[in-house]
Amino acid sequence: MSNIILLIIIIALCIVPSITCHEFEVNGKVLELDESNFDAAISSFDLIFVDFYAPWCGHCKRLSPQLDEAAPMLSGLKKPVVIAKIDADKYSRIAKKYEIDGFPTLKIFMNGVPTDYYGPRKADMLVRYLRKFVAPDVTVLESDSGITEFVEAAGTSFPIFIGVGLDESALSNLAIKFKKNAWFSVAKDFSEKTMDLYELNTVPALVALHPNFNDQNIFYGPFEDKSVEEFIQQNLLPLTLPITGESLKLLKDDKRKIVLTIVEDETHHESKEFIKLMVRRAFTAKIKNLKSHFSLKDSEMER
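Quick note: the sequence shown uses full-length UniProt numbering, first residue 1, plus one each step.
Here you go:
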């Protein structure tokens, strides 16, 4: 009997902490990988953020301390996120496999599947961004204060969808589908204060928020997957937004018309006034239910 018990304990130790089996010690530090252990690392962690860098790259050198700062915060989460890096200039086989053609290239591996990362690189924002990937698909909110805390914690990197008076089953499938793109929650217990805050006429309702752009839209149904998915897709981006690597990808996937505005310097008075004009016109188009998007981009080109 004692031999059987010992065998069970050994197996359990190897299965649960996969880090131990593959001899990866995270301890809040950035893992330095090479060709001999890269594949094992990717398969060992549910979510691993990888920096494909080159030692001579200036951008890589500036990014490195940010990753060092973020690593202990991410490893301390209930569902830890591991940060790793590999010299993709030296280990060309890995670089070729993942089509690395510039430095640094950042990728998120979820259950071994890579996704390009174009989000913020400052430690605090990086932590907030990556924390989303290990959060529940749909967060259940049970008070007005819970709603406020959820919105504040979600930050401004992703759109936020709040199903006020909805059951989580109404969003569960779509929350999984769009997990990489947005925060999802349902508010089950709330007061008139929440109704007033989000200007709701009735419930149930699905509220789409872009806190960074002061943009909000409301959907009152029907709460069928097809209709809800269309609303979500139309609200993954705000009416106006700056061009970034991530927003370009979202714009590429968006089926609506796009108006691109190019300004020489967004801080100039004329540029600010022009942007305000485009925002007003975008809002007018929204009211008229025209499915259009307006994007802003800095450029050194003359207007």
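We treat Cβ as the ideally placed atom computed from N, Cα and C, and that holds for glycine.
Excluding the 5 residues flanking it on each side, K79 has same chain C-beta neighbours closer than 8 angstroms at D46, L47 and V134, in chain order.
Note that the C-beta distance between P211 and T148 is not below 8 angstroms. The shortest C-alpha to C-alpha distance from P238 to any of F103, F161 and V203 is the one to F161.
Residue range G58 to S75 is occupied by the alpha helix (DSSP H) that includes L67.
Straight across, the Cα-Cα distance linking A41 with D101 is about 22 angstroms.
For T202, the closest of V140, Y220 and E229 by C-alpha to C-alpha distance is Y220. The DSSP assignment places complete alpha helix (DSSP H) segments of no fewer than 4 residues inside the region 189-215 at 192-197, in order along the chain.
Nearest Cα to G58 within the set S75, F103, S227 and F24: F103.
With a threshold of 16 other beta carbon atoms within 10 Å, N235 meets it and is buried. In the structure shown, L174 falls within a helical segment according to DSSP collapsed to helix, strand and coil.
Just so you know, the alpha carbons of I83 and I243 end up roughly 27 angstroms apart.
Across the structure, S172 and F190 are spaced so that their CA atoms are roughly 20 angstroms apart.
Distance check between A95 and each of F38, I176 and M195 places F38 closest, using alpha-carbon atoms only.
CA-to-CA, the gap between W183 and D137 works out to about 8 angstroms.
Its Cα nearest to that of V164, the residue L206 stands out among L206, L174 and D144. Taking a contact as a CB-CB distance under 8 angstroms, the pair V81 and F49 counts as one, their CB atoms being some 6 angstroms apart. Under DSSP, D51 forms a beta bridge with K85 and L106.
Put simply, of A70, R93 and S44 the residue whose alpha carbon is nearest the alpha carbon of A123 is A70.
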